[in-house]
Every structure is written in C-alpha cells, then in structure tokens.
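>
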Amino acid sequence: MDLGIKGRKAIICASSRGLGKGCALMLADAGVDLTINGRDEKITQATADELRVKGVEVTVVLGDVSEHKTQDALLQACPEPDILVNNNGGPPLKDFRELDRDAILQGVTQNMVTPIELMQRVVDGMAERQFGRIINITSLSVYNPILGLDLSSGARAGLTAFLAGIARSVANKNVTINNILPGKFDTDRIRNTIVFAADKKGLEIEIEKANQMALIPAKRFGTIEEFGATAAFLASAHAGYMTGQNIILDGGVYPSAF
Numbered sequence: 333m334d335l336g337i338k339g340r341k342a343i344i345c346a347s348s349r350g351l352g353k354g355c356a357l358m359l360a361d362a363g364v365d366l367t368i369n370g371r372d373e374k375i376t377q378a379t380a381d382e383l384r385v386k387g388v389e390v391t392v393v394l395g396d397v398s399e400h401k402t403q404d405a406l407l408q409a410c411p412e413p414d415i416l417v418n419n420n421g422g423p424p425l426k427d428f429r430e431l432d433r434d435a436i437l438q439g440v441t442q443n444m445v446t447p448i449e450l451m452q453r454v455v456d457g458m459a460e461r462q463f464g465r466i467i468n469i470t471s472l473s474v475y476n477p478i479l480g481l482d483l484s485s486g487a488r489a490g491l492t493a494f495l496a497g498i499a500r501s502v503a504n505k506n507v508t509i510n511n512i513l514p515g516k517f518d519t520d521r522i523r524n525t526i527v528f529a530a531d532k533k534g535l536e537i538e539i540e541k542a543n544q545m546a547l548i549p550a551k552r553f554g555t556i557e558e559f560g561a562t563a564a565f566l567a568s569a570h571a572g573y574m575t576g577q578n579i580i581l582d583g584g585v586y587p588s589a590f
C-alpha cells in the first residue's frame, strides 16, 4: 500500500531505539525524510546509518527532547515538518510514596509538557500547508493503570485529555492528532521491567518473561516494526479522517469491547 507520503519530512523524538526507532524504520520505508533524536551518540548514529540504507535523508539531533535547546535543534534541522512523532522516556517504576515534587514535575515535563511544547511550534505551519500528522506515543496505562508507573500514567492521561479538543480544532486543515497506546513491546524498557519484576519476585528472568507473555492473549510481546507500521498509517495521506483517537496496540490485553 502506497501511504502517499513519499518526500514528506518527519521529526521523530527519542528514535534511536525502541518504539521511536520502529516509527523511523517504517516511515523510511514509506519514503519520508527523517530528523531523528537520541541521547547516546553512538546508538543514534548507528540507527541513522541503518535508515539511510533505505534511501531517505536522515538528520541526527542529539540530546534530551525535554530540553528547549534540543527542541530548538530539532526545529532548526526540520523547520517545516509534515509529521511529528512525540516520544520520550517515562519515569522508572517507583512507589508513589517515594516521589518528591521534583520527580513529579520532571515526569509531567517529560510526558505531557514536552509534546505540547513541540506541537505548539509545528501545528500552525502544518495547518497553513494543509497537511500535518501528529502522533503521540503514550501508553496502555492511560486506560489500564500499572501500579508503580502512576506518574507516567498520570502525565500521559493528562496529555490525552489536553489534546482531545485541540485535535478537533485543526481537523479542517488536514492536520490530525492521534495517540498510540502501546502495551508490552520487545524494547529495552520492557526488558528492564522484567528484570525489576523478576528480582522482586525472586524468579529467573526468563520465567518472569514467560509469565508476562502468558498474560497477553497474543502470547508474545509486540515488535517495534508492528508499532511503527501503525504509526506510519496514521501519518499517511489516507488517515486524514481519523483524529483525536487513542489507538490501543497491546496484543489483546485491554478487555473492553468499546
């Protein structure tokens, strides 16, 4: 299927690995030129080289996307993006009683304030050009809370509510804003979570991994390519009538019929 976005330009935050990289891979397959971002120079440059093999232009911006200097660098590298994928690391697993004010504010900044700041800077240009696709990587925990990830859940739920009305306000300009809510994908974050859980339960890591997969109707973790393919469709020319939506991608974990 031709997604109709060959030659478009995308900014993909936190895209050197994991779900962000999955988005970059699939957008590159669709012919989109990319500005990618990561903190680790070696890993980010290796991802860029992997993407360039697909025949697209790739620009690397290093740094924490929550910092204004990194946001500035992203917009300098790609001043008129057609596609923005908001992604950022979430707060680590922690009992809410252990969170102080600084930790709470940092978590909200990472997972709510930062994507809003970037959208503020690109949405009007997208509207003027009559094409824009904004995709926010949030979490299944927005709907299905995970004890210990309360700060992440709260910040991402806040982002979801904040954008609900905004998405409708630019729909007539062919600008869409949608969220993807991932469940358990084969990424560094889930691997770290498994190690944490295994240690807490006194289990072997492989046993805890098998236990977690057994709870998923698909009986496996998702792949970053599967995630990226969903993001690429939302970024496509064919998704202009789909906005303000929360797309659950979890192998069937969330049980609601509606």
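Just so we're aligned, residue 333 is where the sequence shown starts under my numbering, counting upward by one. For every residue, glycine included, the Cβ atom is placed at its ideal position computed from N, Cα and C. Since the model is a prediction, treat every value here as computed from it, not as a measurement.
Contact check, Leu483 vs Ile522 under 8 angstroms by CB: the rounded distance?
Here residue 483 is taken as the residue at index 151 of the sequence shown, counted from 1. Here residue 522 is taken as the residue at index 190 of the sequence shown, counted from 1. Contact flag wrong, Cβ pair sits at about 18 angstroms.
> Are Ala405 and Lys386 close, meaning C-beta to C-beta below 8 angstroms?
Stepping through the sequence shown from its first residue, residue 405 is reached at position 73. Stepping through the sequence shown from its first residue, residue 386 is reached at position 54. Taking 8 angstroms as the Cβ cut-off, Ala405 and Lys386 do not qualify as a contacting pair.
> Leaving out five residues on either side along the sequence, give the residues of the same chain with a beta carbon under 8 angstroms from the beta carbon of Arg552.
Translated into positions along the sequence shown, residue 552 becomes position 220. Same-chain partners within the cutoff: Met545, Gly583.
> Starting from Lys341, follow its DSSP beta bridges and name the residues at the other end.
The residue given as residue 341 occupies position 9 in the sequence shown. Lys341 is bridged to Asp365.
> Here's a check: name, in chain order, each residue in its chain whose Cβ is nearer than 7 angstroms to the Cβ of Gln462, leaving out the five neighbours to either side.
On the sequence shown, position 130 is the one that residue 462 refers to. Once the five neighbours on either side are set aside, the close Cβ partners of Gln462 are Lys505, Asn506.
> Kindly indicate the opening and closing residues of the beta strand (DSSP E) around Asn443.
On the sequence shown, residue 443 is found 111 positions in, with the first residue counted as 1. It is not in any beta strand (DSSP E) - Asn443 carries neither H nor E in the DSSP assignment.
> For the region 385-453, list the alpha helix (DSSP H) runs that are entirely contained and at least 4 residues long, ordered along the chain.
The qualifying runs are 400-409, 433-440.
> Leaving out five residues on either side along the sequence, give the residues of the same chain with a beta carbon under 6 angstroms from the beta carbon of Ala459.
Here residue 459 is taken as the residue at index 127 of the sequence shown, counted from 1. Closer than 6 angstroms at Cβ, skipping near neighbours: Val502, Lys505, Val507.
> Taking contact to mean 3 or more Cβ pairs, one atom from each stretch, closer than 8 angstroms, check whether the region 388-406 and the region 426-436 are in contact.
The region 388-406 vs the region 426-436: no contact.
> Are Ala563 and Val455 close, meaning C-beta to C-beta below 8 angstroms?
The count along the sequence shown starts at 1 and reaches residue 563 at position 231. The count along the sequence shown starts at 1 and reaches residue 455 at position 123. Taking 8 angstroms as the Cβ cut-off, Ala563 and Val455 do not qualify as a contacting pair.
> Does Phe590 come within less than 8 angstroms of chain E when only Cβ atoms are used?
The question asks about chain E, but that chain is absent: this structure has only one protein chain.
> Please list the terminal residues of the continuous beta strand (DSSP E) segment that includes Val507.
Taking the first residue of the sequence shown as position 1, residue 507 is located at position 175. Note, Val507: beta strand (DSSP E), 507-514.
> Hey, how far is the Cα of Lys338 from the Cα of Gly560?
Taking the sequence shown and counting its residues from 1, one reaches residue 338 at position 6. Taking the sequence shown and counting its residues from 1, one reaches residue 560 at position 228. Their Cα atoms are separated by approximately 16 angstroms.
> Between Leu450 and Ile512, is the Cβ-Cβ spacing less than 8 angstroms?
As a first step, residue 450 must be located in the sequence shown, where it is residue number 118. As a first step, residue 512 must be located in the sequence shown, where it is residue number 180. Cβ atoms of Leu450 and Ile512: not closer than 8 angstroms.
> Just confirm the distance between the C-beta atoms of Ala487 and Gly439, as a whole number of angstroms; I'd bet it's less than 8 angstroms.
Residue 487 sits at position 155 when you count from the first residue of the sequence shown. Residue 439 sits at position 107 when you count from the first residue of the sequence shown. Yes, they are in contact, since the Cβ atoms of Ala487 and Gly439 sit about 5 angstroms apart, within 8 angstroms.
> What's the call for Met444, buried or exposed, on a 16-neighbour Cβ count within 10 Å?
As a working note, residue 444 is residue 112 in the sequence shown. That one is buried.
> In its own chain, which residues sit with a C-beta less than 6 angstroms from the C-beta of Gln442, not counting the 5 before and 5 after it?
Taking the first residue of the sequence shown as 1, we reach residue 442 at position 110. For Gln442, where only same-chain residues beyond five positions count, the Cβ hits under 6 angstroms are Ser398, Asn420.
> Round the Cβ separation of Gly350 and Thr519 to the nearest angstrom and send it over; I've been treating them as touching at under 8 angstroms.
As a working mapping, residue 350 is identified with position 18 in the sequence shown. As a working mapping, residue 519 is identified with position 187 in the sequence shown. So it is a contact: roughly 4 angstroms between Cβ atoms.
> With H, G and I counted as helix, E and B as strand and the rest as coil, what does DSSP make of Ile556?
Within the sequence shown, numbered from 1, the residue matching residue 556 stands at position 224. Ile556: helix per DSSP, three-state reduction.
> Which stretch, first to last residue, makes up the beta strand (DSSP E) that contains Ile579?
Here residue 579 refers to the residue found at position 247 when the sequence shown is read from its first residue. Start and end: 578-581.
> Could you tell me if Glu412 is buried or exposed, where buried requires 16 or more neighbouring beta carbons within 10 angstroms of its beta carbon?
Translated into positions along the sequence shown, residue 412 becomes position 80. Glu412 should be labelled exposed.
> Looking at C-alpha atoms only, which residue of Cys345, Ile469, Val474 is the closest neighbour of Asn510?
Position 178 of the sequence shown, counting from 1, holds the residue named residue 510. When only C-alpha atoms are compared, the closest one is Ile469.
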